[in-house]
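Q: Dumping the structure here so I can ask a few things about it.
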Amino acid sequence: MILPQKAFSDTILYLDMDSLLKNLEVFQGLVAKNVKIMAMIKANAYGTGAVTIAKALEKKNIDYFGVAYADEGNELRINGIKTPIMVMNPGEKNIDLMISQNLEPEIFSEDSLHRYMEFIQQKNIPDGKIHIKVDTGMNRLGFKIKDLPMVIESLKNNPSVKVLSIMSHFASADISKEDAFTRKQNIDFNLFCEKIESELGYKCTRHISNTSATERHTAFNADMVRIGIGLYGHTPINNTELSLSPVAHLYSKVSHIHFIREGEGVSYGRDYIAKEDRKIATIPIGYADGFPRLLSNGVGKMFINGKLYPVIGKVCMDMTMLDITDSAIKVGDPVEIFGSNIKIIDFAKNCKTTCYEVLTRLSSRIDRIPIHNQE
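If you count by this note's numbering, then the sequence shown holds residues 623 to 997, one letter each, in order.
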């Protein structure tokens, strides 16, 4: 990977935009041509930078974007994104903002449904757009099957509200021993959809599949699939056959080099005491940036000039020290935190977590820089 030099900080998350678009093509190849794709760019596009990712995908005519909160959708609109945006948890105080920015709420409870309908009536809005969320077993958000009569009656009494889609979420589509439950979720979901569509007299877009379901349960793809972590080059089932490419590559630079003598300690608490003279490098990344304290005292490693070097002492808030004894490393040399040589999945395992959490907890003070290797 060719790394650009211009950045405001020494610790940078490089975004391989060619990989992003290749990953999109992989999932486009898994679904029928008439099946839409909703790109999930909640949580700042899984930590990578929502506006940058959205602009790249919009140029490829992505069908939909999905965000968690109204302010995430608002940021996209402010930055010129025109693609339809669904908001999964719109919040009771954000209806006005959503209407003004043409954001589409996910409605998941009697309270949220009636609150939205009241707003539509008060403002005399002729075409309120909503997405109905059904809880088929995730037990997070959504209407239960028993709520169906209330939902139907409310919608029939408010014809100005249009149901654009009906959706649910698989709880364990990545786990083979849960396949029977996944199938049951899909059956219950389609029964709910059929009853609503029958009563309303029109078809709604159906979507229940996430990244894992799109890979493992292609028969359940319905009218649209929601792809999140897969777009960024990862899969919950670690399916190497998909040939996904990681989008995010985290780099820093050596900011200081010094030598310590036998018996000297490194970092807080002096957990590390040198048994002999050592050469130490200080790297400007710490737990405030998303490099956790779990990686202290040799658990974590960084890649410099073709070799791995261990963390020594405790990871600090803003800095981490490495043992670079017997190396020719210089101040300013690039340091790979994760990327081509340290796979993010291995980094995540050392952190006792997932790729999702590694990416989303990266600090805002880390620059996000898009790169295009094929230009």
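The beta-carbon is built from N, C-alpha and C at its ideal position, and this holds for glycine as well. Just so it is clear, the structure is predicted and the values come from calculations on it, not from any experiment.
(1) Using 8 Å as the threshold, is the C-beta distance between Ile851 and Ser790 below it?
(2) Just verifying my parser: in three-state terms, what is the DSSP assignment at Ile993?
(3) Just reading off the alpha helix (DSSP H) that Pro771 is part of, what are its end residues?
(4) Taking one C-beta from the region 906 to 917 and one from the region 880 to 889 each time, how about it: are there three or more such pairs within less than 8 Å?
(5) With Gly695 as the anchor, note down where its alpha helix (DSSP H) starts and where it stops.
(6) Ile879 and Ile951: beta carbons closer than 8 Å?
(7) Just the C-alpha distance for Glu997 and Ile991, rounded to the nearest angstrom, thanks.
(8) Going along the chain, which residues of its own chain have a beta-carbon closer than 8 Å to the beta-carbon of Asn686, five neighbours each way excluded?
(9) Would you decide whether Asn746 is buried or exposed? Buried here means 16 or more other CB atoms lie within 10 Å of its CB.
(10) Report yes or no: do the region 895 to 909 and the region 930 to 942 share at least 3 C-beta pairs separated by less than 8 Å?
(11) For Gly695, which option in Tyr668, Asn963, Asn843, Glu726 has the closest C-alpha, if you only look at C-alpha atoms?
(12) By the DSSP assignment, the alpha helix (DSSP H) with Met639 in it spans what residues?
(13) Please return the same chain residues whose Cβ sits closer than 8 Å to the Cβ of Arg699, not counting the five positions on each side in sequence.
(14) Can you tell me where the alpha helix (DSSP H) holding Asp801 begins and where it ends?
(15) Tell me the rounded alpha-carbon separation between Ala795 and Thr758.
(16) Do Ile993 and Leu637 come within 8 Å of each other at the CB atom, strictly closer than that value?
(17) Can you tell me which of the three DSSP states Thr942 falls into?
A: Result, derived from the coordinates:
(1) Indexing the sequence shown from 1 puts residue 851 at position 229. Indexing the sequence shown from 1 puts residue 790 at position 168. Going by C-beta atoms, Ile851 is not nearer than 8 Å to Ser790.
(2) Against the sequence shown, residue 993 aligns to sequence position 371. The answer is strand: DSSP assigns Ile993 an E or B state.
(3) Translated into the one-based positions of the sequence shown, residue 771 becomes position 149. Segment 770 to 778, the alpha helix (DSSP H) holding Pro771.
(4) no
(5) Position 73 of the sequence shown, counted from the start, is the residue given in the question as residue 695. It spans 692 to 700 - the alpha helix (DSSP H) in which Gly695 sits, taken as one unbroken run.
(6) Within the sequence shown, residue 879 is the residue found at index 257, counting from 1. Within the sequence shown, residue 951 is the residue found at index 329, counting from 1. Result yes, Cβ atoms of Ile879 and Ile951 sit closer than 8 Å.
(7) The residue labelled residue 997 in the question sits at position 375 within the sequence shown. The residue labelled residue 991 in the question sits at position 369 within the sequence shown. In this predicted model, Glu997 has a pLDDT of only 46, less than 50, meaning its place in the structure is not dependable enough to derive any value.
(8) What you label residue 686 is simply residue 64 of the sequence shown in a count that begins at 1. The displayed chain sequence assigns Tyr, not Asn, to residue 686. Hits under 8 Å: Lys658, Ile659, Met660, Ala661, Thr705, Pro706, Ile707, Met708, Met846.
(9) Counted from its first residue, the sequence shown places residue 746 at position 124. With fewer than 16 other Cβ atoms from the protein chains shown falling within 10 Å of its own Cβ, Asn746 counts as exposed.
(10) yes
(11) The residue given as residue 695 occupies position 73 in the sequence shown. The option with the nearest alpha carbon to Gly695 is Glu726.
(12) The sequence position of residue 639 within the sequence shown is 17, counting from 1. Element bounds for Met639: 639 to 650.
(13) Taking the sequence shown and counting its residues from 1, one reaches residue 699 at position 77. The answer, listed in chain order, is Ile707, Gln723, Asn724, Leu725.
(14) Position 179 of the sequence shown, counted from the start, is the residue given in the question as residue 801. Boundaries of the alpha helix (DSSP H) around Asp801: 801 to 822.
(15) The sequence position of residue 795 within the sequence shown is 173, counting from 1. The sequence position of residue 758 within the sequence shown is 136, counting from 1. Rounded to the nearest angstrom, the two C-alpha atoms are 13 Å apart.
(16) Your numbering for residue 637 matches position 15 in the sequence shown. Your numbering for residue 993 matches position 371 in the sequence shown. Cβ distance < 8 Å, so Leu637 and Ile993 count as in contact.
(17) The residue labelled residue 942 in the question sits at position 320 within the sequence shown. Thr942 falls in the strand class under three-state DSSP.
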